[in-house]
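Colleague: Here's a structure for you.
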Amino acid sequence: MVCACTNLGFKPSDPRQNACFLGDVNYATITQVDPLSQRAFIALNWPVKRDGEGKAVTGLPDFDASLSGDWTTVWETWKSTNAIFRNGNPPLDWDVPGVPLPGACSEIDTAAARAAIPYSSQIPDAVPPRFLDEYVNPDGHALLDRNGVPVRFDVHFNRQAYDYVAGNRLWDARDLERFIEANKRLDLPVGTWDKGDGVPAKRGAIVIKSAWKVLDAKDDPARFHKSWAYITPVIENGKLTHECQLKPVGLVGLHIAYKTATMKDWAWSTFEHTEIAPLWSEIGATEEGAFGDGSAVPDWLFYGKEKPSVDQRGAAKLNTPPKKALDNQPSRITRFYPNGYYAGPVSAGDTETCSITTPEFHCLNVQLAGHFAGSPLGNYRLKGTQWLKYSPGMGGYTVLPEILGNAVIETFTQDTSNCMSCHSFAGPEVNGSPKGMYDFLFSFGRDVLNPTVPLQAR
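8 is the number of the first residue of the sequence shown in this note's numbering; add one for each residue after it.
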């Protein structure tokens, strides 16, 4: 995907230019970094171009697509880590869709599974179903929906990140170790700003982590960006919940990490569905059923008020992780702070003054909702972006904001979550290893040096 739509001759007033975003900002400030995150969300969630058979053209936006309804997005055609890190085998080619499936999943009658879903025709299908085998979040716990089913996670690399891995054979444990020995650390490509010196802007590495809930009869499918997914069983102490299943899933959270010349330690942006859970300050209104302005409280996805009954134990204790993923007890959580809490007033602000170019944080989400007003993607909001700010008076650089977490990804550590600090430990598990050796990406340690094989694939 191009970095700037000026390459295509689009004028700023042309809505098609929203399918693109720059590779960097000219100077990292709050009024530039958060807007870049918003633009990245819009562009990467733009409808992907389809070929004559209706299949996705990898990484290419359809500039003339309608923004009504649901669709396969650009980033969903990128390479999942399941297709890159394959237990010592080479990654699948960039243009080859899907991931290798274990036998238990490949034997599913997909036609019957799709036919069982009343809204099957509303689920985008320009790419094969995703493979969701990860259900433990970074703090080692599962987040359980109102049916006691764990939220699932997936990670995708863009072309620049993929090429760096494939070109340097970093998917192979021995080659990864040799590369580190020779170069001291990994250093994925950075995106750049068009400085007007004849050198065009370029795209840097981008990594996306997505969080999905399995949709059920209680969920309104129109509220979610949807996908088909193979759901592997939850396995604990040799027990399985089920065999591999093909299910519709809805997006509930998204991290977009992008690396640029002005933010070489990456910028870490995160987005949440609007109905995840109430803020602490909204618990009273939630119990009453209406906010102070009279508007209805959402049917929160992860703040169940169910009372124990004969066949249901009720929701879990507030903000308490389950002892195990098989607890089958709905999680009950809150959001710890408002979107953009670090960027100014925490109130919604005067939305009437939000033009399409207003950079104030509260306007970014007003613009985001308006841009995708005809799509389920209009139900997601920027929580914030963490980055390294140059602060001469404070010793050089400071992390801004110091705390940032997604309620469905860093659920039980929202009050201490620091993306940059956590990911700085990505590196060899050797005492004394410098921080950042794997360029802030845990995939190399987890998927290359210490891979795990799902039970049903053994």
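Beta carbons are placed, not taken as given, at the ideal position from N, Cα and C, and that holds for glycine. Predicted model only: the values in this text are computed from it and were never measured.
Just the Cα atoms here: how many angstroms apart are K314 and Q336?
Modeller: Taking the sequence shown and counting its residues from 1, one reaches residue 314 at position 307. Taking the sequence shown and counting its residues from 1, one reaches residue 336 at position 329. Unreliable positioning characterises K314 in this predicted model, as indicated by a pLDDT of 48, which lies under 50. The coordinate reading is nonetheless provided below. Here the alpha carbon of K314 sits roughly 12 Å from the alpha carbon of Q336.
Colleague: Does at least one heavy atom of the ligand HEM sit under 8 Å from the Cβ of K271?
Modeller: Annotation note on the ligand HEM: not contained in the displayed structure, which lists no ligands.
Colleague: Quick one, are the C-beta atoms of W394 and W275 less than 9 Å apart?
Modeller: On the sequence shown, residue 394 is found 387 positions in, with the first residue counted as 1. On the sequence shown, residue 275 is found 268 positions in, with the first residue counted as 1. Yes; because the gap between Cβ atoms is below 9 Å, this pair is in contact.
Colleague: Counting beta carbon pairs with one atom in the stretch 112 to 125 and one in the stretch 55 to 68, are three or more of them shorter than 8 Å?
Modeller: no
Colleague: Give the DSSP bridge partners of D204, in chain order.
Modeller: For the purposes of this step, residue 204 is identified with residue 197 of the sequence shown, where counting begins at 1. None, per the DSSP bridge assignment.
Colleague: Can you give me the C-alpha to C-alpha distance between Q319 and A122, rounded to a whole angstrom?
Modeller: Position 312 of the sequence shown, counting from 1, holds the residue named residue 319. Position 115 of the sequence shown, counting from 1, holds the residue named residue 122. With a pLDDT of 45 at Q319, under the threshold of 50, the predicted position of this residue should be treated as unreliable, though the coordinate-derived value follows. Roughly 29 Å between the two C-alpha positions.
Colleague: Expressed to the nearest angstrom, what Euclidean distance is found between the alpha-carbon atoms of D69 and H378?
Modeller: The residue given as residue 69 occupies position 62 in the sequence shown. The residue given as residue 378 occupies position 371 in the sequence shown. When rounded, the distance between both Cα atoms is 16 Å.
Colleague: Under the rule that 16 or more other beta-carbon atoms within 10 Å means buried, what is H249, buried or exposed?
Modeller: Indexing the sequence shown from 1 puts residue 249 at position 242. Its Cβ having fewer than 16 others within 10 Å, H249 is exposed.
Colleague: First and last residue of the beta strand (DSSP E) that includes P255?
Modeller: Stepping through the sequence shown from its first residue, residue 255 is reached at position 248. From DSSP, the beta strand (DSSP E) with P255 extends over Q252 to Y265.
Colleague: At the level of alpha carbons, what is the spacing between A11 and N175?
Modeller: Within the sequence shown, residue 11 is the residue found at index 4, counting from 1. Within the sequence shown, residue 175 is the residue found at index 168, counting from 1. Note on A11: pLDDT 45, under 50, position unreliable in the model; no value is reported.
Colleague: So R159 packs on W82, CB below 8 Å; how close in whole Å?
Modeller: In the sequence shown, residue 159 corresponds to position 152, counting from 1. In the sequence shown, residue 82 corresponds to position 75, counting from 1. Actually they do not touch by this definition, with Cβ atoms about 17 Å apart.
Colleague: For the candidate residues A208, G452, V406 and R166, whose alpha-carbon lies nearest to that of W273?
Modeller: Start at 1 with the first residue of the sequence shown, and residue 273 comes out as number 266. Of A208, G452, V406 and R166, the residue nearest in Cα terms is V406.
Colleague: Nearest-angstrom Cα distance between H430 and C361?
Modeller: Numbered from its first residue, the sequence shown carries residue 430 at position 423. Numbered from its first residue, the sequence shown carries residue 361 at position 354. Taking the straight line joining both Cα atoms gives about 35 Å.
Colleague: I'd like to check one pair, A414 with A149: are the Cβ atoms closer than 9 Å?
Modeller: Counted from its first residue, the sequence shown places residue 149 at position 142. Counted from its first residue, the sequence shown places residue 414 at position 407. In this structure, A414 does not lie closer than 9 Å to A149 by Cβ.
Colleague: Pair every Cβ in the stretch 284 to 294 with every Cβ in the stretch 254 to 268, then say whether three or more of these pairs are closer than 8 Å.
Modeller: They do not touch, by the three-pair rule.
Colleague: For the alpha helix (DSSP H) containing I290, name the first residue and the last one.
Modeller: Against the sequence shown, residue 290 aligns to sequence position 283. I290 to E295 is the extent of the alpha helix (DSSP H) around I290.
Colleague: In this structure, does DSSP put N96 in helix, strand or coil?
Modeller: As a first step, residue 96 is located in the sequence shown; it is residue number 89 there, counting from the start. DSSP places N96 in strand when its eight states are reduced to three.
Colleague: Answer yes or no: do S338 and G301 have a C-beta to C-beta separation smaller than 9 Å?
Modeller: Residue mapping note: residue 338 aligns to position 331 of the sequence shown, counting from 1. Residue mapping note: residue 301 aligns to position 294 of the sequence shown, counting from 1. No, the pair does not count as a contact, with Cβ atoms beyond the cut-off.
Colleague: Compute the beta-carbon to beta-carbon distance between D306 and E279, rounded to the nearest angstrom, for a pair I have assumed lies under 8 Å.
Modeller: What you label residue 306 is simply residue 299 of the sequence shown in a count that begins at 1. What you label residue 279 is simply residue 272 of the sequence shown in a count that begins at 1. No, D306 and E279 are not in contact; Cβ-Cβ is about 16 Å, not under 8 Å.
Colleague: If we ignore side chains and look at the alpha-carbon of each, how far apart do L456 and S450 end up?
Modeller: Here the question's residue 456 lines up with position 449 in the sequence shown. Here the question's residue 450 lines up with position 443 in the sequence shown. When rounded, the distance between both Cα atoms is 9 Å.
Colleague: Compare the Cα-Cα distances from M427 to each of K396, V437, R453 and P435 and report the closest residue.
Modeller: Residue numbering aside, residue 427 sits at position 420 when the sequence shown is read from its first letter. Selected option, being the one with the closest Cα: K396.
Colleague: Name the two residues that bound the continuous alpha helix (DSSP H) containing H430.
Modeller: Position 423 of the sequence shown, counted from the start, is the residue given in the question as residue 430. H430 -> alpha helix (DSSP H) spans C426 to H430.
Colleague: Going by beta-carbon coordinates alone, are P435 and G412 separated by less than 9 Å?
Modeller: As a position in the sequence shown, residue 435 is number 428, starting the count at 1. As a position in the sequence shown, residue 412 is number 405, starting the count at 1. No, they are not a contact pair.
Colleague: Once the 5 residues before and after N326 are set aside, which same chain residues still bring their CB inside 7 Å of it?
Modeller: Numbered from its first residue, the sequence shown carries residue 326 at position 319. Once the five neighbours on either side are set aside, the close Cβ partners of N326 are I340, T341 and F419.
Colleague: Express the C-alpha separation of I215 and L183 in angstroms, rounding to a whole number.
Modeller: The residue you call residue 183 lines up with position 176 of the sequence shown. The residue you call residue 215 lines up with position 208 of the sequence shown. So the alpha carbons of these two residues sit roughly 22 Å apart.
Colleague: Can you grab the Cα-Cα spacing for the pair G59 / D132, in whole Å?
Modeller: Here residue 59 refers to the residue found at position 52 of the sequence shown. Here residue 132 refers to the residue found at position 125 of the sequence shown. Straight-line Cα distance between these residues: approximately 14 Å.
Colleague: Specify the secondary structure class of H232 as computed by DSSP and reduced to three states.
Modeller: In the sequence shown, counting from the first residue as 1, residue 232 sits at position 225. Note: H232 maps to coil in three-state DSSP.
Colleague: Is A180 helix, strand or coil when you go by DSSP?
Modeller: To locate residue 180, count along the sequence shown from 1; it is residue 173. Of the three classes helix, strand and coil, the one that applies to A180 here is helix, per DSSP.
Colleague: Taking all protein chains shown into account, decide if Y445 is buried (16 or more other Cβ within 10 angstroms of its Cβ) or exposed.
Modeller: Taking the first residue of the sequence shown as position 1, residue 445 is located at position 438. So Y445 counts as buried.
Colleague: Quick test of your reading: V172 and P98, contact by CB under 8 Å. State the CB separation rounded to the nearest angstrom.
Modeller: Within the sequence shown, residue 172 is the residue found at index 165, counting from 1. Within the sequence shown, residue 98 is the residue found at index 91, counting from 1. Rounded, the Cβ-Cβ distance is 7 Å, consistent with contact.
Colleague: Run through the stretch 24 to 99 for me and flag every whole beta strand (DSSP E) of 3 or more residues, listed as ranges in chain order.
Modeller: 55 to 57 and 63 to 68
Colleague: Could you tell me the boundaries of the alpha helix (DSSP H) in which V373 lies?
Modeller: Position 366 of the sequence shown, counted from the first residue, corresponds to residue 373. From DSSP, the alpha helix (DSSP H) with V373 extends over F368 to H378.
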